[in-house]
Each structure stands twice: as structure tokens, then as C-alpha cells.
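Since the structure comes first, as C-alpha cells, the remarks are kept for the end.
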Amino acid sequence: MNTMLRRLRVQLTLFYFLAALSLVVLLGGGSYLLLRHYLYSATDQAMQVKMALVLRQYGLSLPPDLAQAEQNWLENRGQSLQSPTLPAASSEHDEEETEEHSTTPSPNYRPGDEAYDEELAPVFVLPLNASSDLMPAANLPQAPISQDRAAAAAALANGSDLRTVRLYDGSRARLLTYRVTIPGGPTLLQVGRLLRDQDRVLGQYLVGLVVLAAFGATFLGLGSWWLSGRTLGPAQQAWSQQQAFVSNASHELRTPLTLIRATADYALRSHSPEDQVENLQEILGECDYMNGLVDDLLLLSRLDANRLELARQPVQVAALFQEVKDKFEKLAGGKDVQLLIKNDYGSLWGDPVRMRQVLFILLDNSLRFTPPGGAISLNSQSHGKQRELLVRDNGRGIPTEDLPHVFERFYQVKNPNAVDNRSNGLGLSIAKALVEAQGGWIAIDSQEGEGATAILSLEDAG
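Here the sequence shown stands for residues 69 to 530, where the numbers follow this note's numbering.
Okay, structure coming up:
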């Protein structure tokens, strides 16, 4: 069983670890993809806006996608769309009006001068002819890369092209190419932006995710092992308790069986009728003990399985105390111990049969540790919505080291002064289980040499 529990713990640890790691991977991977999408979308939008600016400078109408990209760009920045104004044409006559637009850019024009913000500055412009060769333009800044002929060919065939290209140094760049019709001007306009910054940010973020995942995996592994242990803890404890229960029960049953067999064997070899009667009486006594032990074991079994039927009803404390006293007084008187009822008012919710059983157990336990001439008292008191019943004796009390274990099964407090200390150690554990099954609690307070007080609390019936 222990091997099976260990194997199950390993399986649960692996399950918890994989489930948590999957969540971490999904969150980390999702955040990485979102960041990557944002960076590349921002790059593409900046290139579209740059392309729109260049086309406006050449006096060309914008394709719908570029117009929409430009509009979104301006709206996100709270700006209005204003078409750039080119320098007016020269004239010898002052009365001649300048043209509002020109199909060719000004000699002093540098694409990007009208940039809406610094995000457009890294976008470079490459004017290309029909052969996809770079056209000389003194007013253009030096582009960081040369033209991409594959992108140019695709734009010539399809009207436009958007792609990511790999540079000679291993870095990457994003290119947007449009086919245009400008008399005496370029056939293709290619704008682009290097992706080194984006790739560096993504790389650093990915390294951070990997480091975080490594620490997270270690933490998740340890946490999963601890969590699986907590999950299987009750099962392990129940199994240990069951093993101890079976071992103790076997020991308790073995002793009377051994005595029964030895007594029966002696009786068979004895020819004295007196000895045979005495031996038979001993056998009957051991059978009664075994019968009581089996009854206790069966009762605990039903309590553990929550299969014990309880008839909860209002129980008058006075009637309960009197019934218990009538049946227990003879036994107490035989040991010269007084049984007193101090307060018997009130009522409580409980099963009257099981309440009598609990009080018999507590009284029997007190009687075992109360010397001749002592006294045991029954008392009732109200505590808020609870009714408490107290069984108090003036015996030798319970040693401090034994007090935390008195409700454990088969645990017995040693009593060297008792004449008959025969007990199976199940009484108090049964009492505790019966009280808790009725929604109450039980406790024992004691100081060695000053007696003990058992307190059980149930709901007050008014």
C-alpha cells in the first residue's frame, strides 16, 4: 500500500507540474506572441503611413488601405489629417497664382520631413525604376540597405508587396513596395525599416521568459510534490490508522482467545467439578470481554463510514442523569464511590440511547481512576446556544503527557492503583465519535492529583 501511495504521489506530482507548466507556457507564449504582433503591426503601420506621405508628395491618390492606415495613425495621436503643401512654382508675374499641388516633388523635399512623430524617422524610402534599380536622388538620405528585387518584382506583378527580408549580416528588415505611375519619376516606391530593435526586444523578453520558466519549473516541481503530499496525506494517515487499528484489534482479540484456549485445555484435564465450574466461568468472562470488544469495533466501523443511524430529539437532562445514576450507582457503591447529581436542569438535542452510552463510558472511566471514598458528580450548564454536561471526579487525575492522547483508539492511561484495570482502550474514542456525530464536541481537563473533568457540549434544546 505504501508503494502504491508513493507511486500515486509521483503521478500526482507529474500531473500538477505539467498542468501548472502548461499554464505558464500558455501565458508566457501568449504574451510573447502579443508583444511580437504589436511590434510588427506598429512597424507595418509606420511604413504604410510613410508610404502615404510619399504618395501625397507626388500628388497621387492613396489606396484605401494606406488611407485607412493614415487615418488610424492620426486618430490615435489626436491629430487631424492635413495634406502637406509643396513649394509654389516660380513665375515672372506677381499676379500668377501658384499651383496647390505638383506631380513632382520639390528639389528641396526629403521624404520624411513631414513625419508626424519620431516613429516614422527610422522608415527609409527607396525609389526604383522599372528595372528595379535604385534611382539616384540627391535629396534622399542614405538607406541602410539596397533594394530587394524579389519584392520589386512582386509589386510590379501585384501592385504592392509586404514582406520580411534577411540581410547579409543576419538581421532582418521589413519592406513595403508599391507600384506607382509618375511621369519622369520612379516606377516603384519601396519603404522599409530594420527590425533589429524589435528583434532585440523580443530576444530579451524571450530570455526573461526562459529564466522565469526555469525558476518557475523548480518552484512548480517542489510545489507539486508538496501539494500531492497534502492531497494524499489524509489517505496515508487513514492507511496508517487502519494498520494500527488492525494491529491493536488483533492484539486485543488474541489475548482473550489465548486465555480461553488455555482455560478450556486445563478444564479438560481437570477432574474436579469445582475447577471445571471456575474454568467455565473464566471462559464466559473472556467471551463477554470479546463480545464487548467486537461490539465496540463494529460501532467504530459504522461511525467511520457514517452509517450509524442517530435519532436526534430533545433530551431532558434530569431524566438522562437519573437513568444513568440508577444503573451505575450499584457499580459505584461496590467500589465505595459516591455518584452525585449537582445540576440537572435544561435539555439538549441528541440521541438518548447514544447519550446514555457516552455518559456510561465517561463514568466508567472516572470510576477506574477514583479511589474508594471518592466521588463523581454530574452537572449541567448552559453556554450560549450550547448545553454542556460535565462528569467530574476527585481521583488521581490524568498525567500531562497522557492528556493529548486519551481519545486515541486503544490508548490506555496506566493506573497502578486500580484493582481491575481491564480495558480495551476504545471507550473514550467511541464517546468522542458519538458526540461529534451528533454535532457536538467533547474534551477532558485534568491535573494530576486533582481529578479530571469530562465536558461534552451539544446544541441546547431550550
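Cβ coordinates follow ideal geometry from the N, Cα and C atoms, glycine included.
Tell me, to the nearest whole angstrom, how far the beta carbon of residue i is from that of residue j; I am working on the premise that it is less than 8 Å.
| i | j | result |
| --- | --- | --- |
| Asp-470 | Ser-434 | About 15 Å separates the two Cβ atoms, so there is no contact after all. |
| Gly-253 | Tyr-126 | 7 Å |
| Val-426 | Leu-524 | 7 Å |
| Asp-528 | Thr-521 | 20 Å between Cβ atoms; not a contact. |
| Tyr-100 | Tyr-273 | 6 Å |
| Leu-368 | Leu-321 | The Cβ separation is near 14 Å, so there is no contact. |
| Val-233 | Leu-244 | Between Leu-244 and Val-233 the Cβ distance is about 11 Å, and since that is not below 8 Å, they are no contact. |
| Lys-118 | Leu-188 | 5 Å |
| Gly-493 | Arg-477 | 7 Å |
| Asp-333 | Ala-379 | About 46 Å; that fails the 8 Å criterion. |
| Gly-442 | Val-405 | 5 Å |
| Arg-264 | Ser-239 | 5 Å |
| Gln-349 | Ala-335 | About 10 Å separates the two Cβ atoms, so there is no contact after all. |
| Phe-428 | Val-392 | 7 Å |
| Ala-88 | Leu-325 | That belief does not hold up - the Cβ atoms of Ala-88 and Leu-325 are roughly 54 Å apart, past 8 Å. |
| Glu-516 | Gly-463 | At roughly 10 Å, the Cβ-Cβ gap does not stay under 8 Å, so Glu-516 and Gly-463 are not in contact. |
According to DSSP, is residue i helix, strand or coil?
| i | result |
| --- | --- |
| Arg-460 | strand |
| Ala-206 | With a pLDDT of 46 at Ala-206, under the threshold of 50, the modelled position of this residue cannot be trusted, and the question is left open. |
| Arg-585 | This structure cannot settle anything about residue 585, because the visible part of the chain is limited to 69 through 530. |
| Ser-497 | helix |
| Ser-228 | strand |
| Asn-492 | coil |
| Glu-527 | strand |
| Phe-475 | coil |
| Tyr-357 | helix |
| Ala-156 | With a pLDDT of 32 at Ala-156, under the threshold of 50, the modelled position of that residue is not reliable, and no figure is offered here. |
| Gly-193 | The amino acid at residue 193 is misidentified as Gly; the sequence shows Val. Residue state, collapsed to three classes: strand. |
| Val-259 | strand |
| Ala-223 | helix |
| Tyr-236 | coil |
| Gln-522 | It is worth fixing the name first, because residue 522 is Ala in this sequence and not Gln. Strand. |
| Tyr-334 | helix |
| Tyr-246 | strand |
| Leu-348 | helix |
| Ser-200 | coil |
| Asp-513 | strand |
| Ala-281 | helix |
| Ala-241 | strand |
| Ser-450 | strand |
| Gln-116 | helix |
Could you check which residue in the options has the C-alpha nearest to that of residue i?
| i | options | result |
| --- | --- | --- |
| Asp-201 | Val-191, Arg-217, Ala-211 | Arg-217 |
| Leu-371 | Glu-354, Val-503, Lys-395 | Val-503 |
| Gly-236 | Ala-221, Leu-262, Ala-222, Ala-220 | It is Tyr, not Gly, that sits at residue 236 in the sequence shown. Minimum Cα distance to Tyr-236 is reached at Leu-262. |
| Gly-353 | Ile-250, Ala-189, Ile-466, Arg-329 | Arg-329 |
| Pro-212 | Leu-230, Ala-220, Val-193 | Val-193 |
| Lys-395 | Leu-121, Gly-530, Arg-424 | Arg-424 |
| Arg-231 | Val-93, Val-259, Thr-468, Thr-255 | Val-259 |
| Leu-128 | Arg-247, Ala-114, Pro-204 | Arg-247 |
| Lys-500 | His-473, Gly-519, Ala-282, Glu-516 | His-473 |
| Gly-97 | Leu-325, Thr-326, Ala-281, Leu-431 | Ala-281 |
| Leu-388 | Thr-286, Glu-377, Val-421 | Val-421 |
| Asn-144 | Ala-220, Ala-110, Phe-287 | Ala-110 |
| Asn-226 | Leu-256, Val-392, Asp-364 | Leu-256 |
| Val-278 | Tyr-106, Val-92, Leu-107 | Val-92 |
| Thr-468 | Trp-509, Gly-519, Glu-186 | Gly-519 |
| Ile-351 | Tyr-108, Thr-331, Glu-391, Ser-340 | Thr-331 |
| Ala-223 | Met-203, Pro-204, Ala-198 | Ala-198 |
| Thr-249 | Leu-431, Leu-123, Gly-507, Lys-393 | Leu-123 |
| Ala-120 | Asn-140, Leu-102, Leu-366, Thr-326 | Asn-140 |
| Leu-407 | Ala-373, Leu-366, Tyr-357, Val-459 | Val-459 |
| Thr-299 | Met-115, Ala-88, Thr-81 | Thr-81 |
| Met-358 | Leu-327, Leu-376, Arg-375, Glu-342 | Leu-327 |
Is any beta-carbon of chain B found at less than 8 Å from that of residue i?
| i | result |
| --- | --- |
| Gly-414 | Reference to chain B is not applicable here, since this structure consists of a single protein chain. |
Self-check item: the region 395-414 touching the region 438-455, judged by at least three CB pairs closer than 8 Å
Solution: In short, these stretches touch, since the Cβ pair count reaches three.
Quiz item: Is the region 443-451 close to the region 398-412, with three or more CB pairs under 8 Å?
Solution: The region 443-451, when compared against the region 398-412, does touch it at the 8 Å Cβ threshold.
Quiz item: Looking at C-beta atoms only, is the number of pairs between the region 388-407 and the region 436-445 that lie closer than 8 Å three or more?
Solution: Segments in contact, yes.
Exercise. Can you check the region 368-445 for any alpha helix (DSSP H) of at least 4 residues that lies completely inside it and give the ranges in chain order?
Key: Within the region 368-445, the complete alpha helix (DSSP H) runs of at least 4 residues are 385-402, 420-437.
Quiz item: Below 8 Å, can you find three or more Cβ-Cβ pairs linking the region 121-138 to the region 268-276?
Solution: No: fewer than three Cβ pairs fall under 8 Å.
Quiz item: Can you find at least 3 beta carbon pairs, one from the region 281-294 and one from the region 75-91, that sit closer than 8 Å?
Solution: Yes, the region 281-294 touches the region 75-91.
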